[in-house]
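One structure is given here, and the rest of the page talks about it.
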Amino acid sequence: MEEFKELRQRLSEQRPVEWESFPDIGLYMDQIISYMPRQLIHYGEGDLLTSAMVNNYIKDGLLPRAEGKRYSRIHLAYLTAICVLKQVLTVKEAKRLIATGTRRKRDPQELYAYFCRQLSEALTETAQSMPEDCEKEDLPRLALGLALRSYADRLACQRILDILAEQDPVPEKPPRKREKNN
Numbered sequence: 001m002e003e004f005k006e007l008r009q010r011l012s013e014q015r016p017v018e019w020e021s022f023p024d025i026g027l028y029m030d031q032i033i034s035y036m037p038r039q040l041i042h043y044g045e046g047d048l049l050t051s052a053m054v055n056n057y058i059k060d061g062l063l064p065r066a067e068g069k070r071y072s073r074i075h076l077a078y079l080t081a082i083c084v085l086k087q088v089l090t091v092k093e094a095k096r097l098i099a100t101g102t103r104r105k106r107d108p109q110e111l112y113a114y115f116c117r118q119l120s121e122a123l124t125e126t127a128q129s130m131p132e133d134c135e136k137e138d139l140p141r142l143a144l145g146l147a148l149r150s151y152a153d154r155l156a157c158q159r160i161l162d163i164l165a166e167q168d169p170v171p172e173k174p175p176r177k178r179e180k181n182n
């Protein structure tokens, strides 16, 4: 099956760019929106990232504010991680995970390299768990196996995030006060 072979190949080979390969000039919002789909394997409909999403991530404290109206390598690294993590975690859970690294004063380039290594290992492991050739009648069994593995991984991840929350709570942002119109 050609589509299956293409999926397996993309899982084996397609990776986000390394830090040094990010554009070294600031990008405007529309440029990061068009850049991000090249960073990740994406199937299906719907936008991977919209300007409203970016603004919400900034508002939620998940993404640093733009420098002027330009987004840097740091923003692209954060957005790559956010776009991956939001596929399996809530925004709040992704924030907790990202905050753990940033509160430990890790260099953003170092954190991004670690993230990319972990993502590469996960994608490679999944690709290697899939047979090289697959018949149409094998697809339901493979999909079930992947879904159950995702379920087990999600359970473990959820519990670990709960333990992290108990040991090292992330302070919530106080709600913004609205000004009264007199």
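Oh and the sequence shown: position 54 is 54 in UniProt numbering, straight run, nothing missing.
Glycine included, each C-beta is placed from N, C-alpha and C at the ideal position.
Asked	Found
Inter-stretch contact (C-beta, 8 Å, three-pair minimum) for the region 13-24 and the region 36-43	yes
Three-state secondary structure (DSSP) of Leu27	strand
Sequence-distant residues of its chain with Cβ nearer than 6 Å to Arg10 (five each side left out)	Ile41
Contact set for Ala165: own chain, Cβ-Cβ below 8 Å, skip 5 residues either direction	Arg96
One or two residues paired with Glu93 in a DSSP bridge	Bridge partners of Glu93: none, in fact.
Asp133 versus Leu123 - alpha carbon distance	18 Å
For Glu2, three-class secondary structure by DSSP	helix
Three-pair Cβ contact test at 8 Å for the region 22-30 versus the region 63-75	yes
Arg15 in three-state terms, based on DSSP	coil
Bridge partners - residue 253, DSSP secondary structure assignment	Here the chain comprises residues numbered 1 to 182, so residue 253 is not present and cannot be evaluated.
Backbone CA spacing between Ser129 and Arg159 [nearest angstrom]	25 Å
Candidates Ser51, Gly46, Lys59, of which the one nearest Tyr28 by Cα	Ser51
Distance between Ala99 and Tyr35 (C-alpha atoms, nearest Å)	24 Å
Extent of the continuous alpha helix (DSSP H) run through Ile58	51-59
C-beta atoms of Trp19 and Ala113 nearer than 9 Å	yes
Residue range of the unbroken alpha helix (DSSP H) whose run includes Leu164	139-167
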